[in-house]
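Student: Order-wise, the sequence lines are chains W and F. Its first residue numbered 39, the first sequence is counted upward by one per residue in my numbering. Its first residue numbered 39, the second sequence is counted upward by one per residue in my numbering.
Number of protein chains: 2
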Amino acid sequence: MPKPTFFNLPEEKREKIINAAIDEFAEYGLEKASINRIVANSGIAKGSFYQYFEDKHDVFLHLLAVLEREKMEYFKDKHPPARNMDTFQYFRWMIKTGMEFNSAYPRLVQAVSRVMLNEGMYYLDFANIRERTTQGLRTMIRQAIQNGEVDPSVDVDLAVMIMETWSNAISNYILQEGMKQKDIMKWVRSAKTQETIDKMLYVMEYGLRKTESDFAKTFQERTTS
Amino acid sequence: MPKPTFFNLPEEKREKIINAAIDEFAEYGLEKASINRIVANSGIAKGSFYQYFEDKHDVFLHLLAVLEREKMEYFKDKHPPARNMDTFQYFRWMIKTGMEFNSAYPRLVQAVSRVMLNEGMYYLDFANIRERTTQGLRTMIRQAIQNGEVDPSVDVDLAVMIMETWSNAISNYILQEGMKQKDIMKWVRSAKTQETIDKMLYVMEYGLRKTESDFAKTFQERTTS
DNA sequence: TGGTCATGTGACCAGTAGGTCATATTGTAT
DNA sequence: ATACAATATGACCTACTGGTCACATGACCA
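Right, dumping it as structure tokens:
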């Protein structure tokens with residue numbers, strides 16, 4: 039955690055620092071990120087940096103905390119559009135709302151997920167942090183299996199891994215493509231992007247193999263209404 | 039590509055160097071890999087290194103070439119167990135054979151995929167190399183759509199991304215868990231591991247949602263015969 | 001034996017990293 | 001105005017990086 043001095047800083051200065059850190063991590067990842075560059079880009083002296091933070095990891099952990107806080111804030115006044123949704127509908131809502139969040143904080147999300155999904159995998163430091171995220175998914179899936187929505191022969195941990203993989207794949211896709219657009223929020227909300235997300239989630243739910251009820255049929259009511 | 043001098047080396051020395059490089063890349067990735075450590079671990083002088091290779095990237099590209107060569111060699115005398123397999127059966131065979139290959143060259147695969155799937159994503163250098171891999175998948179999927187095996191409303195590029203994601207997820211799982219075992223080849227071939235792979239591929243094919251024909255039913259004949 | 005060419009070597013270079021610290025500046029309370 | 005604590009600073013340290021090069025060693029042929 040950052041030292042108290044950091045939190046005594048005027049907000050403007052604090053933001054300049056964390057923005058520089060976000061850019062640095064988004065560009066170089068955790069290990070290749072340079073404190074020298076961060077201080078240069080935030081216009082503070084090196085000595086000051088060490089009055090605010092312990093080290094590089096400390097800054098990153100703070101970014102994690104910021105992300106979590108902002109996400110909580112964002113989800114606080116969002117509510118699923120209907121009650122009695124099944125697990126897949128709920129997951130779909132979660133993902134879509136999450137992607138809206140991503141388009142609101144693209145650099146921050148990019149920085150954090152770049153580190154967490156790449157180098158973070160090989161550092162034990164983040165194992166427990168990741169674990170916290172999976173906990174929610176795990177209980178959700180357990181319930182879905184009990185409800186008969188998810189195939190019980192696919193065990194819980196495997197299902198968790200699958201849903202995380204999907205979630206990350208969609209998030210990566212949105213960030214990667216979204217950053218190329220001039221207005222990422224508009225792009226994410228566009229019918230085309232939403233349909234792509236729907237397709238991905240449809241495949242997660244029903245698989246790649248063609249069945250009697252395919253994607254076009256399932257989502258027909260949306261495009262015709 | 040390495041310089042001619044490298045290929046004139048006695049095989050033992052050459053192997054010692056590439057093994058040190060494999061270990062280095064597997065442990066530290068591409069950017070954090072240290073030439074100093076590589077030369078120290080292979081027992082050669084720094085100057086010699088630069089007589090063999092241009093730089094770090096050069097070594098890695100050589101590892102890529104080695105991997106490709108070994109994989110070709112490995113697949114050369116493996117053949118699908120039956121003709122007239124459908125696309126998903128063929129993909130399953132490909133994955134399983136690939137996982138056997140992984141268990142034969144775990145460190146090499148680990149090193150290469152660590153780099154390609156992480157930092158490699160952000161370096162354009164590897165875009166064309168990755169493209170070569172996807173080409174095969176793309177034609178396979180196009181054919182599968184024509185055959186009516188894959189839902190045509192899921193477009194080709196999306197399907198490619200999905201299958202690559204799955205392929206990587208399974209490979210990562212096998213390497214990560216496999217490296218914990220004392221005999222990785224035996225572990226990969228074990229009934230339990232094979233069943234896990236089957237489950238993953240089943241979910242890719244039919245989705246997470248429970249349907250009238252679930253995994254247990256589909257694979258019943260195997261466990262009872 | 002002497003000559004020539006390929007190979008091997010490690011001291012050395014400039015650049016950058018993370019981190020420290022004595023000193024300078026600022027803010028605040030008396 | 002003075003005193004004291006909090007904050008800001010950048011020169012400086014060591015360690016390590018990728019890369020070079022003058023020289024040493026070895027192999028092979030005349």
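No residue lacks a Cβ here, since even glycine has one placed at the ideal position from N, Cα and C.
When the distance is taken between beta carbons, is F:K237 closer than 8 angstroms to W:V97?
Tutor: Start at 1 with the first residue of the first sequence, and residue 97 of chain W comes out as number 59. Start at 1 with the first residue of the second sequence, and residue 237 of chain F comes out as number 199. Against a cut-off of 8 angstroms, the Cβ pair of F:K237 and W:V97 comes out as no contact.
Student: Using three-state DSSP, classify W:R227 as helix, strand or coil.
Tutor: Translated into the one-based positions of the first sequence, residue 227 of chain W becomes position 189. Three-state result, W:R227: helix.
Student: Taking 8 angstroms as the threshold (C-beta atoms), are W:E53 and W:F126 in contact?
Tutor: Position 88 of the first sequence, counted from the first residue, corresponds to residue 126 of chain W. Position 15 of the first sequence, counted from the first residue, corresponds to residue 53 of chain W. Their beta carbons are not under 8 angstroms apart, which means W:F126 does not touch W:E53 by this criterion.
Student: Would you kindly report the start and end of the unbroken alpha helix (DSSP H) that includes W:T135?
Tutor: For the purposes of this step, residue 135 of chain W is identified with residue 97 of the first sequence, where counting begins at 1. Note, W:T135: alpha helix (DSSP H), T125 to A142.
Student: Given that a residue counts as buried once 16 or more other Cβ atoms are within 10 Å of its Cβ, and exposed if not, what is F:E243?
Tutor: Numbered from its first residue, the second sequence carries residue 243 of chain F at position 205. F:E243 sits buried, since 16 or more C-beta atoms from the chains shown fall within 10 Å of its C-beta.
Student: Near F:Q232, what residues of its chain come up, given a Cβ to Cβ distance below 6 angstroms and the 5 sequence neighbours on each side ignored?
Tutor: Indexing the second sequence from 1 puts residue 232 of chain F at position 194. Excluding the 5 residues flanking it on each side, F:Q232 has no same chain C-beta neighbour closer than 6 angstroms.
Student: Could you tell me whether the Cβ atoms of F:R152 and F:F63 are closer together than 8 angstroms?
Tutor: Here residue 152 of chain F refers to the residue found at position 114 of the second sequence. Here residue 63 of chain F refers to the residue found at position 25 of the second sequence. The answer is yes: Cβ separation under 8 angstroms.
Student: Using a 10 Å radius around the Cβ and a threshold of 16 neighbouring Cβ atoms, would you call W:P40 buried or exposed?
Tutor: In the first sequence, counting from the first residue as 1, residue 40 of chain W sits at position 2. Flag for W:P40 reads buried.
Student: Going along chain F in order, which residues have a C-beta closer than 9 angstroms to the C-beta of W:A229?
Tutor: Taking the first sequence and counting its residues from 1, the one referred to as residue 229 of chain W is at position 191. By Cβ distance, chain F contributes nothing, its closest Cβ being about 15 angstroms from W:A229, past 9 angstroms.
Student: Check this for me: beta carbons of F:L146 and F:L99, under 8 angstroms apart or not?
Tutor: Taking the first residue of the second sequence as 1, we reach residue 146 of chain F at position 108. Taking the first residue of the second sequence as 1, we reach residue 99 of chain F at position 61. It is not a contact, given that the beta carbons lie outside the stated cut-off.
Student: What residue does the alpha helix (DSSP H) around F:P42 start on, and which one ends it?
Tutor: Start at 1 with the first residue of the second sequence, and residue 42 of chain F comes out as number 4. F:P42 -> alpha helix (DSSP H) spans P42 to N46.
Student: Relative to chain F, which residues along the segment 171 to 198 of chain W have a C-beta separation below 9 angstroms, given in chain order?
Tutor: I179, A182, I183, G186, E187, V188, D189, P190, S191, V192, D193, L196 and A197
Student: Select from F:Y143, F:E108, F:E50 and F:F45 the residue whose C-alpha is nearest the C-alpha of F:G216.
Tutor: Locating residue 216 of chain F in the second sequence gives position 178, counting from the first residue. Per the Cα distances, F:Y143.
Student: Answer with buried or exposed for W:K248, where buried requires no fewer than 16 other C-beta atoms within 10 angstroms of its C-beta.
Tutor: Taking the first residue of the first sequence as position 1, residue 248 of chain W is located at position 210. With 16 or more Cβ atoms within 10 Å of its Cβ, W:K248 is classed as buried.
Student: Looking only at its own chain, which residues have a Cβ that is under 6 angstroms from the Cβ of W:E259, when we skip the five neighbours before and after it?
Tutor: To locate residue 259 of chain W, count along the first sequence from 1; it is residue 221. For W:E259, the predicted model reports a pLDDT of 49, less than 50, meaning its position is unreliable and no value from the coordinates is stated.
Student: Counting only C-beta atoms, is F:S263 closer than 8 angstroms to chain W at any point?
Tutor: On the second sequence, position 225 is the one that residue 263 of chain F refers to. In this prediction, F:S263 has a pLDDT of 40, which is less than 50 and means its spatial position is unreliable; what the coordinates show is noted afterwards. For F:S263, the answer is no, since every Cβ of chain W falls outside 8 angstroms of its Cβ.
Student: Give me the Cα-Cα distance between W:R121 and W:P48, rounded to the nearest whole angstrom.
Tutor: By 1-based counting over the first sequence, the position of residue 121 of chain W is 83. By 1-based counting over the first sequence, the position of residue 48 of chain W is 10. One C-alpha to the other measures close to 44 angstroms.
Student: Kindly indicate which three-state DSSP category F:V192 falls into: helix, strand or coil?
Tutor: For the purposes of this step, residue 192 of chain F is identified with residue 154 of the second sequence, where counting begins at 1. The answer is coil: DSSP assigns F:V192 none of H, G, I, E or B.
Student: F:E69 versus chain W: which residues are under 9 angstroms apart at the beta carbon?
Tutor: Sequence index remark: in the second sequence, residue 69 of chain F carries index 31 (1-based). Those within 9 angstroms of F:E69 in chain W are Y66, G67, E69 and K70.
Student: Ends of the alpha helix (DSSP H) at F:Y88?
Tutor: One-based indexing of the second sequence puts residue 88 of chain F at position 50. Per DSSP, F:Y88 belongs to the alpha helix (DSSP H) from K84 to Y90.
Student: Considering W:Q173, what are the terminal residues of the alpha helix (DSSP H) in which it resides?
Tutor: Your numbering for residue 173 of chain W matches position 135 in the first sequence. A165 to Q184 is the extent of the alpha helix (DSSP H) around W:Q173.
Student: Determine the closest residue to W:S205 out of W:I183, W:V241 and W:Y88, with distance taken between C-alpha atoms.
Tutor: In the first sequence, the residue the question calls residue 205 of chain W occupies position 167. That would be W:V241, whose Cα lies nearest to the Cα of W:S205.
Student: Taking C-beta pairs closer than 7 angstroms, name the residues in chain W that F:E243 reaches, listed in chain order.
Tutor: The residue labelled residue 243 of chain F in the question sits at position 205 within the second sequence. Those within 7 angstroms of F:E243 in chain W are G245, L246 and R247.
Student: Compare the C-beta of F:N122 against all C-beta atoms of chain W and say whether one is closer than 8 angstroms.
Tutor: As a position in the second sequence, residue 122 of chain F is number 84, starting the count at 1. No, no contact with chain W.
Student: Excluding the five sequence neighbours on either side, which residues of its own chain have a C-beta within less than 7 angstroms of the C-beta of W:E157, listed in chain order?
Tutor: If you number the first sequence from 1, residue 157 of chain W lands on position 119. If you ignore the 5 residues before and after W:E157, its C-beta comes within less than 7 angstroms of the C-beta of G67, L68 and E69, all in its own chain and listed in chain order.
Student: Using only alpha-carbon positions, find the residue among F:T203, F:R176 and F:Q184 that is nearest to F:D195.
Tutor: For the purposes of this step, residue 195 of chain F is taken as the residue at position 157 of the second sequence. The candidate whose alpha carbon is nearest that of F:D195 is F:R176.
Student: Using 10 angstroms around the beta-carbon of W:Q148, count the other beta-carbons present and answer buried if the total reaches 16, otherwise exposed.
Tutor: Taking the first residue of the first sequence as 1, we reach residue 148 of chain W at position 110. W:Q148 comes out buried.
Student: Could you check the C-alpha separation between F:G245 and F:D163 for me, to the nearest Å?
Tutor: Within the second sequence, residue 245 of chain F is the residue found at index 207, counting from 1. Within the second sequence, residue 163 of chain F is the residue found at index 125, counting from 1. Cα to Cα, the separation comes out at about 35 angstroms.
Student: Does the beta-carbon distance from F:I34 to F:I82 come in below 8 angstroms?
Tutor: An answer regarding residue 34 of chain F cannot be provided, because it is not within the stretch 39 to 263 covered by chain F.
Student: Can you tell me the Cα-Cα spacing of F:P8 and F:Y90, whole angstroms?
Tutor: The question about residue 8 of chain F has no answer, for chain F in this structure spans 39 to 263.
Student: Closer than 9 angstroms, Cβ to any Cβ of chain W: which residues of the segment 146 to 165 of chain F, in chain order?
Tutor: Going along the segment 146 to 165 of chain F in chain order, one finds R152, L155, N156, E157, M159 and Y160 with a Cβ nearer than 9 angstroms to chain W.
Student: Going straight from the alpha carbon of W:F129 to that of F:R180, what length do you get?
Tutor: Within the first sequence, residue 129 of chain W is the residue found at index 91, counting from 1. Within the second sequence, residue 180 of chain F is the residue found at index 142, counting from 1. Between W:F129 and F:R180, the alpha-carbon positions lie close to 29 angstroms from each other.
Student: Interface residues of chain F around W:T203 at Cβ under 7 angstroms?
Tutor: In the first sequence, counting from the first residue as 1, residue 203 of chain W sits at position 165. Those are T203 and A207, listed as they occur along chain F.
Student: What do you get for W:D189, buried or exposed, if any count of 16 or more other CB atoms within 10 angstroms of its CB means buried?
Tutor: Taking the first sequence and counting its residues from 1, one reaches residue 189 of chain W at position 151. Residue environment for W:D189: buried (at least 16 other C-beta atoms within 10 angstroms of its C-beta).
Student: Comparing C-alpha positions only, which one of F:T256, F:E250, F:F257 and F:I235 sits nearest to F:I133?
Tutor: The residue you call residue 133 of chain F lines up with position 95 of the second sequence. Cα-wise, what sits closest to F:I133 is F:I235.
Student: How is the alpha helix (DSSP H) around W:E106 delimited, first residue to last?
Tutor: Counted from its first residue, the first sequence places residue 106 of chain W at position 68. K94 to K114 is the extent of the alpha helix (DSSP H) around W:E106.
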